[in-house]
Amino acid sequence: MGTSIHCICKSLFVDRVKDLHVGEWRVVENFSLIPAMGFYRRTSHPFKISIIDSTIVTDPSPTTCEVPRLLCYY
């Protein structure tokens, strides 16, 4: 599957992440990555993600082709 990472979010930005579900793929841009320290550690990952004012969460687009045009099937 993937690696679990703890994510924190201030109540001001909850609307951006309220529809995220474990096991679903999402594209997350513009977030802060900070060391995970202290006694409250949700995962064993050494860092945690912090949702910030410029964070954007979108669905991955299955129609996007990042491969050069010659290799894409249209």
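Reminder that position 58 of the sequence shown reads as 112 in the working numbering, one-by-one numbering, no gaps. For glycine and all other residues, C-beta sits at the position ideal for the given N, C-alpha and C.
ask   = Is F67 helix, strand or coil by DSSP?
value = Taking the sequence shown and counting its residues from 1, one reaches residue 67 at position 13. DSSP places F67 in helix when its eight states are reduced to three.
task = Report yes or no: do three or more beta-carbon pairs, one from the segment 63-76 and one from the segment 89-97, lie closer than 8 Å?
result = no
request  = Can you say whether I105 is buried or exposed, counting buried as having 16 or more other CB atoms within 10 angstroms of its CB?
outcome  = Mapped onto the sequence shown, residue 105 falls at position 51. So I105 ends up on the buried side.
message = Tell me the residue span of the beta strand (DSSP E) that contains S86.
response = In the sequence shown, counting from the first residue as 1, residue 86 sits at position 32. Start and end: S86 to P89.
Outcome for I103 when other beta-carbon atoms lying within 10 angstroms are tallied against a minimum of 16 = Counted from its first residue, the sequence shown places residue 103 at position 49. It is buried - the Cβ of I103 has at least 16 other Cβ atoms within 10 Å.
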